[in-house]
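Trainee: Respectively, the protein sequence lines represent chains S and G. By the working numbering, the letter at position 70 of the first sequence is numbered 70, and the numbering carries on one by one without gaps. By the working numbering, the letter at position 99 of the second sequence is numbered 99, and the numbering carries on one by one without gaps. There's a structure below that I have some questions on.
There are 2 protein chains.
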Amino acid sequence: MDIENAKAQMRKGVLEFCILGILKRGEAYPSDIMATLKEAKLIVVEGTLYPLLTRLKNDGLLNYRWEESQQGPPRKYYSITDSGIQFHSELKNTWDELSYAVKQSQKLQ
Amino acid sequence: MDIENAKAQMRKGVLEFCILGILKRGEAYPSDIMATLKEAKLIVVEGTLYPLLTRLKNDGLLNYRWEESQQGPPRKYYSITDSGIQFHSELKNTWDELSYAVKQSQKLQ
DNA sequence: CATTGAACTATGCAATGCAAAGTACTGGAA
DNA sequence: TTCCAGTACTTTGCATTGCATAGTTCAATG
Numbered sequence: 001m002d003i004e005n006a007k008a009q010m011r012k013g014v015l016e017f018c019i020l021g022i023l024k025r026g027e028a029y030p031s032d033i034m035a036t037l038k039e040a041k042l043i044v045v046e047g048t049l050y051p052l053l054t055r056l057k058n059d060g061l062l063n064y065r066w067e068e069s070q071q072g073p074p075r076k077y078y079s080i081t082d083s084g085i086q087f088h089s090e091l092k093n094t095w096d097e098l099s100y101a102v103k104q105s106q107k108l109q
Numbered sequence: 001m002d003i004e005n006a007k008a009q010m011r012k013g014v015l016e017f018c019i020l021g022i023l024k025r026g027e028a029y030p031s032d033i034m035a036t037l038k039e040a041k042l043i044v045v046e047g048t049l050y051p052l053l054t055r056l057k058n059d060g061l062l063n064y065r066w067e068e069s070q071q072g073p074p075r076k077y078y079s080i081t082d083s084g085i086q087f088h089s090e091l092k093n094t095w096d097e098l099s100y101a102v103k104q105s106q107k108l109q
């Protein structure tokens, strides 16, 4: 029982919401997404992000297109689909409900 | 990929925080805890709560004592330990950081 | 003694974050 | 050309946790 594990557990399910939120602004490739998450103080590693994007794509919430890069191999640019936008809005409700519940449970100390 | 699963995932790790928060107010037995969580709009079932309490107890974050009940079998009254209080405060930091990160990632739509 | 309800326990599954190792492509240095 | 570094993407396997489900124990009541 350490705090690092607790952090990992709290992230579960939240990353999807964050990533869909980021892609709502416009398409991006994985390194872009990681940089944006890092700005928000959310460190994510490759082994987490890539499988997650693949999962979201397979569920029809994202699409991608290949684009040549100036340097290095081509990149997968991801964009959000209509289903993705709708799912994102449901996730927002879920997150808001959870935030409220946590807040309530911590009240009245 | 359905919203129910997403809810379950988002709860992971958060329940511990909520329960420690509730027990900081004073000792309680499982049905008390479930009722309090329900008030906060957080539905938890036995199969989730009991193993979780056992885990927290084994990690030294909680204690319990048996108490006879007026009706029905005796109850396990749980209370938080000093380690539990400290861990709760670390979880609070973790939760606050995560909330901030989620908020940031959803900005600038 | 049987039944009912409350309280607690145990088992097994599915989902996800993550570490770790691996593959593939490009460009520059030796 | 051959080797190496850097970037981008992929794959495998593990640990943890919420939850469904079923089972056990105990006290009170008829």
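Idealized CB from N, CA, C, for every residue including glycine.
Just the C-alpha distance for G:K76 and S:S105, rounded to the nearest angstrom, thanks.
Mentor: 21 Å
Trainee: For a contact meaning CB atoms closer than 7 Å, what does G:Q106 contact in chain S?
Mentor: G21
Trainee: Quick check on DSSP: helix, strand or coil for S:K103?
Mentor: helix
Trainee: Jot down the residue ranges of each uninterrupted alpha helix (DSSP H) in the region 24 to 69 of chain S, minimum 4 residues, whole runs only, in chain order.
Mentor: 30 to 39 and 46 to 58
Trainee: Does any residue of chain G bring its CB to less than 8 Å from the CB of S:I3?
Mentor: yes
Trainee: Go ahead and pull the three-state DSSP assignment for S:K7.
Mentor: helix
Trainee: Quick one: using the 10 Å Cβ neighbour count with 16 as the cut-off for buried, is S:V102 buried or exposed?
Mentor: Classification for S:V102: buried.
Trainee: When you compare each of S:P51, S:T48 and S:C18 to S:T36 by their alpha carbons, which one comes out closest?
Mentor: S:C18
Trainee: Is G:G21 near the ligand FAD, going by C-beta to nearest heavy atom under 7 Å?
Mentor: With respect to the ligand FAD, the structure offers nothing, as it holds no ligand at all.
Trainee: Counting only beta-carbon separations shorter than 8 Å, does S:N10 have a partner in chain G?
Mentor: The sequence shown places Met at residue 10 of chain S, rather than the Asn named in the question. Yes, its Cβ sits closer than 8 Å to a Cβ of chain G.
Trainee: Looking only at its own chain, which residues have a Cβ that is under 6 Å from the Cβ of S:S79, when we skip the five neighbours before and after it?
Mentor: Answer for S:S79: E27 and N63, listed in chain order.
Trainee: Considering just the uninterrupted stretch of the beta strand (DSSP E) at G:K76, what are its terminal residues?
Mentor: R75 to I80
Trainee: Could you check which residue in G:E97, G:F87 and G:T94 has the C-alpha nearest to that of G:L20?
Mentor: G:F87
Trainee: Using a beta-carbon distance cut-off of less than 9 Å, what residues from the region 91 to 103 of chain S approach chain G?
Mentor: L91, K92, N93, T94, W95, E97, L98, S99, Y100, A101, V102 and K103
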